[in-house]
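A short write-up of the structure that comes next.
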Amino acid sequence: MYDLKKLSIDEKITLLTGADSWRTESLNSKLRQVFVSDGPSGLRMMGDPSQEYGNTTKTATAMPTLSMIANTWNTDMAFLDGETIADDCVEKGADILLAPGVNIKRTPLNGRNFEYFSEDPFLAGTMAKSFIQGVQSKGVGTSLKHYLANNREYNRCWQTSEIDERTIREIYLKPFEIAISANPYTVMCSYNPINGVYASENKYFLKDVLRDDLGFKGTVISDWGAVYSPYKAHKATTDLQMPHDDNAFNDIKSAYEKGLILQDEIDFCVSNILKLIDRVESEQPKRKISYSVEKRHQNAVDIAKEGIVLLKNDGILPLNKGNIAVSGEMATENVITGGGGSAKVSSAFKQLPLTDLLNKENTNAKFHYVKDGRGINDDFVAWNLKKASMDFYNSDAVILCVTDYEEKEGKDRYSIKLPVLTEELILDAVKYNPNVIVCVYAGSSVDMSSWIDKVRAVVFVGFGGEGCQEALSSVLVGKTCPSGKLSETFPLSIQDTPTKTFRGNGFYETYSEGIFVGYRYYDLYKKEVLFPFGFGLSYASFEYSNVNVKKLSDTDFEVSFDIENTSDIDAKEVSEIYVKDVFSMVSRPEKELKAFSKNLIKARQKKTVKVNLDFSSFAYYNVSLKRWHVENGTFEILIGSSANDIKLKQKIEISLPDDTQQSQKGLE
Ligand code: BGC
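Residue numbers (our numbering): 22 to 689.
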């Protein structure tokens, strides 16, 4: 155990900022340095630890992005993802992975949505918790980020996120609350101010809420450059400023000498940094590699297989016969496997053309690549286009692999449509061939309005990491039955989303939609969407029946129901359990996701699924009581295969003791 008392005040102040971009101070070799490295789509580690950014990153397994992990709706996959990345960390010497991010996907324009799980706090928090448990099971620490309310990249360092208290608690803090139960080593504070106070200086959210209410026991580190005044940040309990800041020592020392920051306040942060070093050291025995490099790649493939979402299929998929044309840059070795910025992983894996993989699947179909050339500015374009059109015409079906090319840190998307030339490719292909299948590579929702009705199938690949093409090939030919579901709503257009194209006025952005984010918003306004939250097709078919809700205590219930696989293939089905407060003294969403389960059900077999609900499934945050509150009365348990496809419903009554309740005159 490192002893705070053995450090001089100068040593303590020195420890409060990083030694360089990625390591904590050693104080002339007195302390073990903690080496942090980026995630979450795999390990991103600089070749030289003193390097802040640059291209010389060490190679690692590129895993599916968190947006795709969420689309698996499988906590075992999130755990496996965490374990696999941790193996790379152990191999390369990273003590802490700077992941996962649990910011809510409030707008599909956010350039970093691919790094986040969902528009729903329960799904985001639950998947993050398993991811953290996976990473930390290998003695590698995590950094839960970006705390708090960093929901777009535009103006991320300056613009206040202005949010009411109930919305913060129910939507933006909730995923942190759930994930913190996995005891992450660190939490990373975000760049933006929250209600006028920078996250790094926000004592209310860092101390009163994060540590005292949510029970976070670890160390708070700043996002890279998110500290604007070192002494104010430490007073607010940002423990460690990253990366190294040449001015930090003098700023804190002079504030200390003037009594602007007290010894106790410095000690609080220093002791949290020492605790972090202790924890890293004591977990060393767990740091053993379990998966070979090949097995890590296979894990990436297996996870991607579960995260691919089949959005439309009139029966054309799976494809196992005919002469099939494959086009689009995403079908080539240049496939984009993740988003850009600090989450970009440099993978040593060499991608094969998708056609090579498809032709190896041993089906009666023959796949060939068609170069389209659109977007390449040279004389051959027209020639290529003509040739491509003729090829599409002469093929039995056409698979188009496309992306929006837009998703990266530091910049939001301008549009959620595919690039004009890509839409043109799809519309041209349908002119020449009636059997077009579109595979979309993206990290957030895409407006498909101009072409979706004209194509026969749509596969949302997501950003699948280095195994994406193997996974897609297996899904397209039917060796893998698709089982992913959307972790965010796909709206008809950006104008249909709560925030439309509004990005704030530079000073602040008011979260005026309140708790009505994602499906909560579309439910409230009964808005039609392209694909609802939780939606995904299968090659199999399922029937739900026999719901039963058993009361275990005042607010604890066991929900059980049967799912029958009515098809001839074994397949996995995600079932979603929503709760609706039928009558309430406050506004509540039409329904909220409170449990989910993914189950493999053999062909023609039935499975009983059981999930539990507890106090948090029925509670809302009451700003007058300053706590979570459950109102007595009728609730409905809704079991669905998507947010808009509720299969079973059961009413229950909650009747907590009278002294826990406020008067509900008018509701009785
Ligand atoms: C990002 C963080 C990342 C850090 C270190 C920041 O710009 O917001 O997510 O962990 O850089 O690369």
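Virtual Cβ for every residue (Gly too), placed ideally from N, Cα, C.
Everything numeric in this text was worked out from a predicted model, so none of it was measured.
In the three-state reduction of the DSSP assignment, Ile590 falls in the coil class, being assigned neither a helical nor a strand state. Glu382 has its CB no nearer than 7 Å to any heavy atom of the ligand BGC.
At a cut-off of 7 Å, the beta-carbon of His167 counts as near the ligand BGC: some heavy atom of the ligand is closer than that.
Residue nearest to Asp267 within the set Glu46, Ser367 and Val391 is Glu46 (criterion: CA-CA distance). For the 8 Å CB-CB criterion, Ser581 and Lys647 do not form a contact.
Beyond the five residues adjoining it in sequence on each side, Thr93 comes within less than 7 Å, by CB distance, of Ile324, Glu327, Gly328 and Gly505 in the same chain, given in chain order.
Apart from the 5 residues on each side of it in sequence, Gly349 sits with its Cβ closer than 6 Å to the Cβ of Leu421, Cys422 and Val423 in its chain, given in chain order. A contact between stretches requires three or more CB pairs, one per stretch, nearer than 8 Å, and the segment 139-147 meets this requirement with the segment 508-524. Our two residues, Pro440 and Ser471, have alpha carbons roughly 12 Å apart in a direct line. Membership of Tyr540 in any beta strand (DSSP E) is not indicated; the residue belongs instead to the alpha helix (DSSP H) covering Tyr540 to Leu545. One thing to note: Tyr435 has its Cβ no nearer than 8 Å to the Cβ of Ile357. In this structure, the CA atom of Leu25 is about 10 Å from the CA atom of Phe289.
In this structure, the straight-line span from the alpha carbon of Pro205 to that of Gly336 is close to 45 Å. Relative to the ligand BGC, Ser363 has its C-beta within less than 7 Å of a heavy atom. The count of Cβ pairs closer than 8 Å, one atom from the segment 595-603 and one from the segment 612-619, reaches three, so the stretches are in contact. The criterion of a C-beta distance shorter than 8 Å is not satisfied by Val568 and Gln490. The alpha helix (DSSP H) runs lying completely inside the segment 229-289 and spanning 4 residues or more are 251-256 and 269-278, given in chain order. The distance from the Cβ of Lys452 to that of Glu444 is about 13 Å, inconsistent with a contact at the 8 Å cut-off. Remark: three or more beta-carbon pairs, one from each stretch, lie closer than 8 Å, so the segment 218-230 and the segment 241-252 are flagged as touching.
Nearest in C-alpha terms to Asn456, of all of Asn344, Asp544 and Gln685, is Asn344. Remark: the shortest separation between the CB of Trp245 and any heavy atom of the ligand BGC falls under 7 Å. Counting only runs of at least 4 residues, the segment 25-95 fully encloses the following alpha helix (DSSP H) elements, listed from N- to C-terminal order: 30-36 and 87-93. Spatial neighbours of Leu677 in its own chain (CB-CB distance under 8 Å, excluding positions within 5 residues in sequence) are listed in chain order as Asp575, Thr576, Val651 and Asn653.
With 16 or more other Cβ atoms inside 10 Å of its own Cβ, Ala203 counts as buried. Here the C-alpha atom of Met66 lies approximately 10 Å from the C-alpha atom of Ala364.
DSSP, reduced to helix, strand and coil, places Val366 outside both helices and strands of the structure shown, so it counts as coil. Exposed is the label assigned to Pro306, since fewer than 16 other Cβ atoms lie within 10 Å of its Cβ.
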